[in-house]
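With positions in the sequence shown counted from 1, the corresponding number in this note's numbering is that position plus 1.
Where a beta carbon is used, it is the ideal one built from N, C-alpha and C, also for glycine.
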Amino acid sequence: MEDADLSPSVPQRHGKQTCPSHLALLPPEIIENVLSSLDNSSIKSLRLTCRRFGAIAALRINRVFLSANPLNIQVFRAIADHDVLRHRIVEIVYDDARLWRNGAEAPEARHPGAPNYCCYYLEDGPDMEWFENDDPKRPEYAALVRRVHAGLSPEESWEYYDGLLRQQEEIMASGADADALRYGLQRFPALRKVTVTPATHGWLFTPLYETPMIRAFPYGFNCPIPRAWPYAVDDHRPLQVAPWEDEKTRWRGFNLVTKILAEGRHNVVEYEIDGHHLGTGLNCRIFDDRCNEYDAFVLVLCLPGFKKLQLSLFVDGQQRLGWPALRNGLLRNALAEATQLEHVSIATGRFDHAWEYEPPGLGRFLPIECWPKLQHFELWHVDVHLADLLSVVSQLPDGLLSLQLNSLHMCSGCYRELLDQMRDRLHWCEQRPQARVMIGVHFISGIHDIPGRTIWLEKEIDDFFKRGGINPFELEDIRYLHLPRFGMGVVRDAFDMDYVRP
Numbered sequence: 002m003e004d005a006d007l008s009p010s011v012p013q014r015h016g017k018q019t020c021p022s023h024l025a026l027l028p029p030e031i032i033e034n035v036l037s038s039l040d041n042s043s044i045k046s047l048r049l050t051c052r053r054f055g056a057i058a059a060l061r062i063n064r065v066f067l068s069a070n071p072l073n074i075q076v077f078r079a080i081a082d083h084d085v086l087r088h089r090i091v092e093i094v095y096d097d098a099r100l101w102r103n104g105a106e107a108p109e110a111r112h113p114g115a116p117n118y119c120c121y122y123l124e125d126g127p128d129m130e131w132f133e134n135d136d137p138k139r140p141e142y143a144a145l146v147r148r149v150h151a152g153l154s155p156e157e158s159w160e161y162y163d164g165l166l167r168q169q170e171e172i173m174a175s176g177a178d179a180d181a182l183r184y185g186l187q188r189f190p191a192l193r194k195v196t197v198t199p200a201t202h203g204w205l206f207t208p209l210y211e212t213p214m215i216r217a218f219p220y221g222f223n224c225p226i227p228r229a230w231p232y233a234v235d236d237h238r239p240l241q242v243a244p245w246e247d248e249k250t251r252w253r254g255f256n257l258v259t260k261i262l263a264e265g266r267h268n269v270v271e272y273e274i275d276g277h278h279l280g281t282g283l284n285c286r287i288f289d290d291r292c293n294e295y296d297a298f299v300l301v302l303c304l305p306g307f308k309k310l311q312l313s314l315f316v317d318g319q320q321r322l323g324w325p326a327l328r329n330g331l332l333r334n335a336l337a338e339a340t341q342l343e344h345v346s347i348a349t350g351r352f353d354h355a356w357e358y359e360p361p362g363l364g365r366f367l368p369i370e371c372w373p374k375l376q377h378f379e380l381w382h383v384d385v386h387l388a389d390l391l392s393v394v395s396q397l398p399d400g401l402l403s404l405q406l407n408s409l410h411m412c413s414g415c416y417r418e419l420l421d422q423m424r425d426r427l428h429w430c431e432q433r434p435q436a437r438v439m440i441g442v443h444f445i446s447g448i449h450d451i452p453g454r455t456i457w458l459e460k461e462i463d464d465f466f467k468r469g470g471i472n473p474f475e476l477e478d479i480r481y482l483h484l485p486r487f488g489m490g491v492v493r494d495a496f497d498m499d500y501v502r503p
């Protein structure tokens, strides 16, 4: 680069700005440190300021998004065709949250009585509950507050939404998203991971992922948050998981992605089916009987070097039937095929009154003995007896690096007793001194159970195991069986990575 390009006194040449010397001449270490703290949007703006930053301020793109939306597909293909960016992609996220035309198309997702979009439109709808239960005066919420009060009218939002619906229907009819996925699997040499989730849109104005489609929304655009996969709005309106063959079109993204991954000819070794704290997941009745989708899922687990599986299961109603989909052996047989697994995460839906029903039994669907290389093991929202959980924990390999238990439904025993038994009976620290143990507990604000918000304990558990600290959970008072002691733990939000509260 010419010295003149660094001088603030030299005018623009060929329409490109020169760099102010006090920025461009900073030591490379400082520039690198500044760039590391910027998001991609800020980096894009910085790249436009001068030639030097255009050359050195590289976008951090390691993930691409795909869905039944033309803009997502367009950007996906553009990155796949870029000779530099395509080599940086390690993950594809398939957004399986499709838009619906009226309430009848998704009765589980919201208010079954709502007949059309305009009845769905809520100025401050249920997706703002998490916001109302926090302090809206906090500075990080200033932009969100502005968007809430700058919302488009229902008519304006519907006009834009209707266009998205038509585009979605065209993509689903043509299969353009499937074609793009096959293309991307061949064009991303560093690709290792594929995620399918209905939680991409997060909550109102707070998406889990800012996909090209979501970034293009008009300022203040408000619509029913798309999910596609059924989930219960609250515990007072439980659902009954339907037979797989009757409802499998709801999981179009899972079916599409799994079928294509099962074809092989790619480098994917991690597959996440992520309900992301919404109490939903893959319809567990896919494991009632063998079917094409089950066979494709097994083929994915058998891929060479396959090492990570995150599996969220939608199980509502199974507890009243004795958990047939988890106990019949098909799920266990499928998981047993993945003998190279290093990371396993299993989650089921959230529902109340779990203690009224017998748990499925972890050994009935978890083949721990088939995973000798396991390093990370996670259970989320699963119904368990303490003795059964201890049995599984005792079978985990000595090389385990982390154990994460989040909001388990303890039908007998409690977390306090679990930690006591792990220390005194299983001699956890002696067997696995390197393993981190994390326990998450639902965070409830007032009377509201806020999805995704959890009290996490790790340091306190480590102190208890290794340094003679106190057990971080309350004494066995029925009111506080699963609560940490006051002041212990950190509150985090799965939909807002910046949310951290003591």
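Under the three-state DSSP convention, the category residue i falls into
i      : result
VAL197 : strand
ASP84  : coil
VAL501 : strand
THR281 : coil
TRP252 : helix
ILE1   : Residue coverage of the chain in this structure runs from 2 to 503, which leaves residue 1 outside it and unanswerable.
VAL301 : helix
ASP135 : With a pLDDT of 47 at ASP135, under the threshold of 50, the predicted position of this residue should be treated as unreliable, though the coordinate-derived value follows. If DSSP states are grouped into helix, strand and coil, ASP135 belongs with coil.
ILE31  : helix
LYS45  : helix
PRO213 : helix
TRP324 : coil
GLN311 : strand
GLU246 : helix
LYS170 : Position check: residue 170 holds Glu in this sequence, whereas Lys was assumed. Note: GLU170 maps to helix in three-state DSSP.
LEU380 : strand
PHE487 : coil
ILE57  : helix
ARG493 : strand
ILE93  : strand
ARG64  : strand
ILE74  : helix
SER346 : strand
TRP204 : strand
SER403 : strand
Proximity winner among the options, relative to residue i (alpha-carbon distances)
i      : options                           : result
TRP457 : PHE66, LEU404, PRO208 and LEU427  : LEU404
LYS308 : LEU391, VAL316, ASN268 and VAL35  : ASN268
ARG87  : TYR184, ARG486, ASP425 and HIS202 : TYR184
ASP497 : ALA217, GLU271, ILE93 and HIS277  : HIS277
PHE218 : GLY164, GLY306, VAL270 and SER408 : GLY164
PRO213 : ARG64, GLU418 and TRP252          : ARG64
PRO485 : ILE462, ASP494, LYS467 and HIS410 : ILE462
ARG266 : ALA69, LEU186 and VAL85           : LEU186
TRP381 : GLN319, GLN311, LEU60 and ASP40   : GLN311
LEU240 : PHE315, LYS249, ARG426 and ALA229 : PHE315
ILE440 : MET489, GLU271 and VAL76          : MET489
LEU192 : ILE93, ASN34, ARG454 and LEU401   : ILE93
ALA68  : CYS224, GLU33 and ILE215          : Note on residue identity: the sequence assigns Ser, not Ala, to residue 68. Selected option, being the one with the closest Cα: ILE215.
GLY254 : GLU273, LEU375 and ARG502         : GLU273
VAL438 : PRO473, PHE444, GLY453 and GLY414 : PRO473
SER37  : LEU26, ILE62 and THR50            : ILE62
TRP159 : LEU476, GLY221 and TRP204         : GLY221
LEU409 : THR349, TYR358, LYS467 and GLY364 : THR349
LEU402 : GLN376, ASP84 and ALA388          : GLN376
ARG321 : ARG333, ASN334 and TYR358         : TYR358
Burial state of residue i, where buried means 16 or more other Cβ atoms lie within 10 Å
i      : result
GLU264 : exposed
ARG530 : No statement about residue 530 is possible, as the shown extent of the chain runs from 2 to 503 and does not include it.
ASN284 : buried
PRO208 : buried
PRO373 : exposed
ALA56  : exposed
THR250 : exposed
ASN41  : exposed
ILE31  : exposed
TYR95  : buried
PRO113 : Because PRO113 sits at a pLDDT of 34, beneath the cut-off of 50, its placement in the model cannot be relied upon, and the following sentence gives the value as read from the coordinates. Its Cβ having fewer than 16 others within 10 Å, PRO113 is exposed.
VAL383 : buried
ASP494 : buried
PRO227 : buried
ALA59  : exposed
SER313 : buried
LYS194 : buried
### Message
Three or more C-beta pairs under 8 Å: does that hold for the segment 300 to 308 against the segment 330 to 343?
### Response
A contact exists between the segment 300 to 308 and the segment 330 to 343.
### Query
Unbroken alpha helix (DSSP H) runs of length 4 or more, entirely within the segment 405 to 470: which are they?
Within the segment 405 to 470, the complete alpha helix (DSSP H) runs of at least 4 residues are 416 to 425, 429 to 432 and 460 to 467.
### Task
Could you say if the segment 166 to 181 and the segment 416 to 423 meet the contact criterion of at least three C-beta pairs nearer than 8 Å?
No: the two stretches stay apart, fewer than three of their Cβ pairs being nearer than 8 Å.
### Query
Does the pairing of the segment 359 to 370 with the segment 396 to 414 give three or more beta-carbon distances under 8 Å?
Pairwise C-beta distances place the segment 359 to 370 in contact with the segment 396 to 414, as three or more of them are shorter than 8 Å.
### Query
Are there three or more Cβ pairs, one per stretch, closer than 8 Å when the segment 38 to 47 is compared with the segment 154 to 163?
When Cβ pairs closer than 8 Å are counted between the two stretches, the segment 38 to 47 is seen not to touch the segment 154 to 163, the count staying below three.
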